[in-house]
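Enquirer:
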Amino acid sequence: MIAVRPLVPDDWPAVAAIYADGIAGRLATFETQVPPWKDWDAAHLRDHRLVADLEGRIAGWVALTPYSRRDVYRGVADVSVYVAAGDRGRGVGRALLTAAIASARAGGLWTLQAGIFPENGASLALHRSLGFREVGVRQRIGQLDGVWRDVVLLELRL
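Sequence positions in the sequence shown follow the working numbering and run 1 to 158.
(1) Could you compute how far the alpha carbon of aspartate 150 sits from the alpha carbon of alanine 28?
(2) Measuring only the C-alpha atoms, how far is aspartate 21 from alanine 85?
(3) Do you know how far the Cα of glycine 25 is from the Cα of alanine 16?
(4) Buried or exposed: where does serine 80 fall if 16 or more other Cβ atoms within 10 Å of its Cβ makes it buried?
(5) With C-beta atoms as the reference, is tryptophan 61 less than 8 angstroms away from leucine 112?
(6) Going by C-alpha to C-alpha distance, which of Phe132, Ser123, Gly93 sits closest to tryptophan 110?
(7) Out of Ala122, Asp87, His48, Tyr82, which has the shortest C-alpha to C-alpha gap to glycine 108?
(8) Which residue from Thr65, Asp39, Lys38 puts its Cα closest to that of leucine 50?
(9) Go through the stretch 112-150 residue by residue and report every complete run of the beta strand (DSSP E) that reaches 3 residues or more, in order.
(10) Helix or strand or just coil, what does DSSP make of proline 9?
(11) Could you round the C-beta distance between alanine 104 and alanine 125 to whole angstroms and report it? I think they count as a contact, below 8 angstroms.
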């Protein structure tokens, strides 16, 4: 059974380890290292960050980041979802993203968006299965390890 609950500061070591694994895989983010808790905490919306507890351990996390600080975009957030390598394919990502969508709706947000590398087929399939639609592909939007990468932009209207 997967239990989704709010992420608290004491969860940071497990969250950071899952994030580090995602970074190392080079399929999830342009980031190359996990930021300190203080920086991660400041960047993510406090009411919209969750962890999945599976068999007594944290198996994944999801968090929303404001799209912009401009008031006109106050209801738009970027979503990040990460699942521990050994727990992928067990419904953890679906449970987390479903809970994040519910949290966003309850919090008055009106759009969630995600930028996903085209090679990350599992994440693309998950987001699409929960109603995200492809807006387009941002070609050669950034470099990772000196290689230009594309990002598929998806959004969900709440």
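Using N, Cα and C, we set each Cβ at its ideal position, and we do this for glycine too.
Expert: According to the data block:
(1) In a straight line, the C-alpha of aspartate 150 is about 12 angstroms away from that of alanine 28.
(2) Aspartate 21 and alanine 85 have their C-alpha atoms roughly 7 angstroms apart.
(3) Straight-line Cα distance between these residues: approximately 14 angstroms.
(4) Buried, since its Cβ has 16 or more Cβ neighbours within 10 Å.
(5) For tryptophan 61 and leucine 112, no; Cβs fall outside 8 angstroms.
(6) The residue with the shortest Cα to Cα distance from tryptophan 110 is Phe132.
(7) Considering only alpha carbons, the answer is His48.
(8) With distances taken between Cα atoms, leucine 50 lies closest to Thr65.
(9) Considered as a whole, the stretch 112-150 harbours 133-144 as its complete beta strand (DSSP E) runs of no fewer than 3 residues, in chain order.
(10) Three-state result, proline 9: helix.
(11) In fact, because the Cβ distance is near 20 angstroms, the residues do not count as touching under 8 angstroms.
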